[in-house]
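Worksheet: one structure, shown below.
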């Protein structure tokens, strides 16, 4: 009994020591991020000097070169490009969405934009009447008879009572993604989609849409939430309302682009890789500050902090700037394809693509049949909770790292507070001035702290 | 044994039922706040139609009338004013803070403002050289010999590595509050205080300062954090730097003002009062949106939500708009004085004065020797955590409710995320456009949920 007690004491002593050393290192990580952080300056450059960077655009090309240089200048062990062909969609000149004959208001210009991937209307535009629906079910119930030759106006709002705004987004976004093809089935000439914003706003949200095969490709436009409400009010008394849509967007040939990868090689287990990343491409309307400049600079900052602290990771740590998350996911697919081809062993991949907001926790998707990996990460909660990270309950990784799942990689998403995200997402407002310095830095430090713990203790 | 088991089953059944009814009501509170909330529209009016409302100003008088009308219009059972005399300090024309002879830059206008309560310089201003210090200890070590006839420049920054920005504020704010009198002890002619901002900013932060008795009252000015850094850099190579200060502020006679109180009377225990409040006064530079328009409209919103839900509280619920938190606390003192005089029994008082940001938790200060009241509130964490309220660990109430402490009242502070607060606090930037609608609404709902639980279950 005495021996056993002594043994337990030793064990718990060792564990306390490890705990206290982890506490110390994590505190140091946050100090580096908050007192000498460089994520905010990086984001300033990416947003204000480069700006919008839709796949295939000059901005995207500039961002590739910029991030390569930044990681080289920080002296990471290797920095390289992964070539990948990406869709190349262009918006063309400013869209027009106009009510032409309101009984109450006459001609009304609406705040609109083309949805990403949409076909244009041709230069002569399209004029037709409007039928409003809240769901695909309601659309189906109207049928060809009431839809043929008209615009379908999808006007189901994001549910404001959802605590997590991403849940509200999930409940509305099929209108944007599949609305055009659903409406085309019944002979619609185009769709007008209520923007994916949770508040009353005067600007539209763009975002990806896809055409189903076997139905005509009709143009798809987003309208600001305020103007969606206006349009709906006007339609109530004025069924003969006529709408003019003009969009000059088009899909060009695929264009060459790149993922950008920076790496610090592990000192003990260099073949075990921990990847952290965000996506370098953005939509074309704003600067892509929260979506996802924040995730990119935070990922670079993790490696920079390790170097600045003199921390030598046991495992190989990679910062990955994924290309083309917004309209194709080609970069994420390419990264996973190359990882498989090169027989790389990723033990974890972490994505930051929910904005540069104050930390709440991490989402975790462990590989099938390995719930202990999720439990392992959750066991670190006491070390991370003092930094505002208390939610480790939700599953999820991220779009770009998703393709790594079949390789048995534990996928993790950085989870910041979600309340303000959909004020900016895919809009002309997603600019540097909407990002708070400390919130951004805390995100970078939170990611670095988790990478440190995985690096030290593994996920076995 | 069988009977006992049955008894336990019944007990736990009842408790489960209560739990589930609480869950249901709390969900309803959040639905009301998020889908049909009026806090944001109230704040819009208070900020954009009334604006700044320093004690004794026309804005403060307008805010008193406005809040009285709002609560009457919502049909609360009683709404009344509590007269209170308040300090009446006025800023006068725009201050000047100017480096007059920089070797490198010549004349440099700095971004400055008078600290609240400061005397002016007289219209002729004051010109003198500058000595920079980081602390009162450093000031004392310099002594009269090196301070006499000069400006003292207090330049200790808020510590950016503090996770809670209020802790960083606490570590720096004595420079603002007592710096002038400390410097006057050694013959200084005035003080220049680094603004209480945690980030590099181009605008100054005002805030309260007090003169100690027995030392001369010298003028006290705040300088923006960016200009504090500039001034410090210039002083390094240029000890003969000369500074011109001109401030026209003055303290007038005390002015009449009011606390504004609205009440819904309890159906079962009407003599047990739960008070919730914020302070109606603000500094004069911005609109007082986060500080503390947010707390005021959230407090009114709690009672409005209860009425909108048809919830009849068992206990009496009061929304209190305290006057003069910023430069005197006369409203808070008057409220406590009247409560004592009228033998009122406050079982809890909740203050929201940390901005309209996303919820984190509540601070709790239970009366001496009654830790069970704190534990009671903490026991509700499972009901509140789904709404982002997970931190119930810190002590604290709020400045305005503090004077109730001697009456054995449990004091509670609404605790939102603190990262952005000191970007706005006491600055020209504390405006309506810096408040997020959902974050504000979640705060109101969080307060309503806690008031509901206290009302239903008491704190015994």
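Protein chains in written order, with the numbering used here: chain G, -16 to 443; chain E, -16 to 443.
We put the beta carbon where it would ideally sit given N, CA and C, even for glycine.
query                                                                                                                                 : result
Inter-stretch contact at 8 Å, needing at least 3 Cβ pairs: the stretch 402 to 419 of chain E / the stretch 333 to 340 of chain E      : yes
The stretch 257 to 266 of chain E in contact with the stretch 296 to 316 of chain E per 3-pair CB rule at 8 Å                         : yes
Segment contact, 8 Å Cβ cut-off, at least three pairs: the stretch 224 to 232 of chain G with the stretch 180 to 199 of chain G       : no
Three-way DSSP call (helix, strand, coil) for residue 372 of chain G in this model                                                    : coil
Which residues DSSP lists as bridging residue 228 of chain E, in chain order                                                          : E:80 and E:109
Residue-chain proximity (residue -16 of chain E, chain G), Cβ-Cβ < 9 Å                                                                : Reliability of the predicted coordinates at residue -16 of chain E is poor, the pLDDT of 45 falling under 50, and the value obtained from them is presented with this limitation in mind. Residue -16 of chain E does not count as touching chain G.
Chain-ordered residues of the stretch 120 to 145 of chain G with a beta carbon less than 7 Å from chain E                             : 143 and 144
Proximity test, residue 285 of chain G beta-carbon vs the ligand NAP heavy atom, cut-off 8 Å                                          : Questions concerning the ligand NAP fall outside what the structure shown contains, since it holds no ligand whatsoever.
Residue ranges of each beta strand (DSSP E) within the stretch 333 to 405 of chain E, 3 or longer                                     : 342 to 348 and 393 to 399
Distance between residue 158 of chain G and residue 111 of chain G (C-alpha atoms, nearest Å)                                         : 20 Å
Proximal residues of chain G, C-beta to C-beta of residue 420 of chain E below 7 Å                                                    : 182
Cβ of residue 371 of chain E within 9 Å of any chain A Cβ                                                                             : Among the protein chains of the structure shown, namely G and E, there is no chain A.
Min CB distance residue 150 of chain E to chain G below 9 Å                                                                           : no
Inter-residue Cα distance where the pair is residue 94 of chain G and residue 212 of chain G                                          : 12 Å
Touching by the beta-carbon criterion (3+ pairs, under 8 Å), the stretch 242 to 259 of chain E and the stretch 294 to 304 of chain E  : yes
Three-way DSSP call (helix, strand, coil) for residue 266 of chain G in this model                                                    : coil
Beta carbon proximity, residue 449 of chain E to chain G, threshold 9 Å                                                               : Nothing in the structure corresponds to residue 449 of chain E, since chain E is present only between -16 and 443.
Span of the alpha helix (DSSP H), counted from its first residue to its last, around residue 92 of chain E                            : Not the alpha helix (DSSP H): residue 92 of chain E falls in the beta strand (DSSP E), residues 89 to 92.
As assigned by DSSP and simplified to three states, the class of residue 202 of chain E                                               : coil
Contact set between the stretch 396 to 408 of chain E and chain G, restricted to residues whose Cβ is under 8 Å from the partner      : 400, 402, 403 and 406
Residues of its chain near residue 3 of chain E, where Cβ-Cβ distance is below 6 Å and the 5 sequence neighbours each way are ignored : none
Interface flag, residue 51 of chain E vs chain G, CB-CB below 9 Å                                                                     : no
Helix, strand or coil at residue 252 of chain E [DSSP, three-state]                                                                   : strand
Chain-ordered chain E contacts of residue 18 of chain G [CB-CB under 7 Å]                                                             : 143 and 144
Contact under 9 Å by Cβ, residue 445 of chain E with residue 69 of chain E                                                            : Residue 445 of chain E lies beyond the stretch modelled for chain E, which goes from -16 to 443, so this question has no answer here.
Beta-carbon proximity of residue 423 of chain G to residue 345 of chain G, cut-off 9 Å                                                : no
Simplified DSSP state of residue 207 of chain G, which is helix, strand or coil                                                       : coil
Neighbourhood of residue 317 of chain G by C-beta, 7 Å cutoff - its chain only, sequence neighbours within 5 removed                  : 65, 67 and 242
Positions along the stretch 420 to 436 of chain E whose CB lies within less than 8 Å of some CB in chain G                            : 420, 421, 422 and 425
Beta bridge counterpart(s) of residue 450 of chain G as assigned by DSSP                                                              : Nothing can be reported for residue 450 of chain G, as the shown portion of chain G is limited to -16 through 443.
Backbone CA spacing between residue 351 of chain G and residue 360 of chain G [nearest angstrom]                                      : 16 Å
8 Å contact criterion, which residue 35 of chain G and residue 276 of chain G should meet: CB distance rounded                        : At roughly 10 Å, the Cβ-Cβ gap does not stay under 8 Å, so residue 35 of chain G and residue 276 of chain G are not in contact.
Delimiting residues of the alpha helix (DSSP H) encompassing residue 184 of chain G                                                   : Careful: residue 184 of chain G lies outside any alpha helix (DSSP H) and carries neither H nor E.
Cutoff 9 Å: residue 8 of chain G Cβ touching any chain E Cβ                                                                           : no
Contact check, residue 429 of chain G vs residue 379 of chain G, beta carbons under 9 Å                                               : no
Where residue 346 of chain E meets chain G, residues with beta-carbon distance less than 9 Å                                          : Chain G residues near residue 346 of chain E: none, gap ~15 Å exceeds 9 Å.
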